[in-house]
Amino acid sequence: MQLSEAISLIKKGIAPQNSPQTWADLGAGKGLFSEALISILLPGSTIHAVDLHKRPSLQHNPSIIFHQADFVKDILPVPILDGILMANSLHYVRDQVACIQQLRTHLRNRTGVFILIEYDTDTGNEWVPYPVSFARAQTVFSAAGFSRIEKIGERSSIYRRDSIYAALISQSVAS
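Under the UniProt record's numbering, the first residue of the sequence shown carries the number 1, and numbering increases by one thereafter.
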């Protein structure tokens with residue numbers, strides 16, 4: 001996927017902002033979605049890119065801070081976040097509800113959001129061991145306490161027959 005395609009897939013999930021934001025990209029890989037996200041957010045925003053593997057090449061962008069960590073097992077060295085982006089990383093997590101509940105503690109109360117990018121399939125394989133179809137994502141995030149999930153983008157996958165979707169997941173707002 002090219003940077004322009006990644007931007008197109010997630011841009012509908014980024015609300016208009018009045019000030020810089022702080023996000024995490026969990027399972028950042030080579031940093032494609034970190035770069036996409038920072039290009040959409042206001043100047044002064046920060047992305048905490050978290051991955052198990054060594055620092056990706058992020059074109060020396062000082063707005064992207066890399067952390068080598070396991071977002072499931074490790075305590076994440078991140079501040080309160082405006083959003084968490086997970087691109088093809090939740091499908092590696094066995095207990096997805098518990099993971100999302102834990103990650104939710106890093107989000108700003110009531111306004112913090114998730115952007116999820118996953119294959120829209122229920123069929124697992126060695127590369128997608130715990131698939132997160134859009135229907136499954138609705139179940140997982142609802143069980144983790146989120147009230148709204150909206151598909152914001154979709155494209156065909158070059159690796160699978162399934163499509164890739166992007167979803168915006170938001171918390172319930174207390175009245």
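All C-beta atoms, glycine included, are put in the ideal place defined by N, C-alpha and C. Source: prediction; values computed, not measured.
Return the bridge partner residues of D25 from the DSSP annotation. In DSSP, D25 forms a bridge with A49, L85.
Buried or exposed, going by whether 16 or more other CB atoms sit within 10 Å of the CB of H91? buried
Within 10 angstroms of its Cβ, does D120 collect 16 or more other Cβ (buried), or is it exposed? buried
Does the beta-carbon of T46 have 16 or more other beta-carbons within 10 angstroms, so that it is buried, or is it exposed? buried
Can you check whether the CB of Q17 is closer than 8 Å to the CB of L52? No.
Thinking residue 178 and Q21 are a contact (beta carbons under 8 Å), I'd like their distance in whole angstroms, please. Outside the shown range of the chain (1 to 175) lies residue 178, about which nothing can therefore be said.
Does the Cβ of E35 have 16 or more other Cβ atoms within 10 Å, making it buried, or fewer, making it exposed? Of the other Cβ atoms in all chains shown, 16 or more fall within 10 Å of the Cβ of E35; this residue is therefore buried.
Going residue by residue through the region 73-159, where are the continuous alpha helix (DSSP H) segments of at least 4 residues, counting only ones entirely within it? 96-104, 134-143
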